[in-house]
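Have a look at the structure below, then the notes.
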Amino acid sequence: MLISDDNTEIEYTFEELLEIFIEDCELRNLREHTIKYYRSELNAFIKLLKEQEIELRVNEWTGETIKRNVIMYMKEKGLKTVSINVINGDKMVLTFFW
1 MLISDDNTEI
11 EYTFEELLEI
21 FIEDCELRNL
31 REHTIKYYRS
41 ELNAFIKLLK
51 EQEIELRVNE
61 WTGETIKRNV
71 IMYMKEKGLK
81 TVSINVINGD
91 KMVLTFFW
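The sequence shown runs contiguously to residue 98 in UniProt numbering.
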């Protein structure tokens, strides 16, 4: 994902954005349990993408990427897709990353 100010553009990896997101959660005084949940679920998301050798460039992801490469992949492997709700259904996470 590219983040820019007046003169500089910085491209962050998903892992870097995850840490920025967690710091933001801490600054907003979210419960420690909530922060641990977000970290765990988002790390699982990263793991699924890496298993499929998908680049972790957030700016190239779409809803279809998540649907096809996470939800369908989990179903094909016989995994429960409940945990994907943190990405697919949580507006705070979606707003922060996209």
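Quick reminder that beta carbons are idealized off the backbone N, C-alpha and C, glycines included. Note that the structure is a prediction, hence the values are computed from the model and not measured.
Endpoints, alpha helix (DSSP H) assigned at residue 51: Looking at the DSSP string, the run of the alpha helix (DSSP H) that includes residue 51 is 32–51.
Proximity below 8 Å, CB of residue 73 to CB of residue 48: Taking 8 Å as the Cβ cut-off, residue 73 and residue 48 qualify as a contacting pair.
Buried versus exposed, by CB contacts within 10 Å (16 or more), residue 27: Its Cβ having fewer than 16 others within 10 Å, residue 27 is exposed.
Residue 140 - containing beta strand (DSSP E), residue span: A question about residue 140 goes unanswered here, because the residues of the chain that appear run from 1 up to 98.
Given residue 79 as reference, the closest of 17, 33, 44 once Cα atoms are compared: The shortest CA-to-CA distance from residue 79 to any of 17, 33, 44 is the one to 44.
Residue 59 (DSSP reduced to helix, strand or coil): Three-state result, residue 59: helix.
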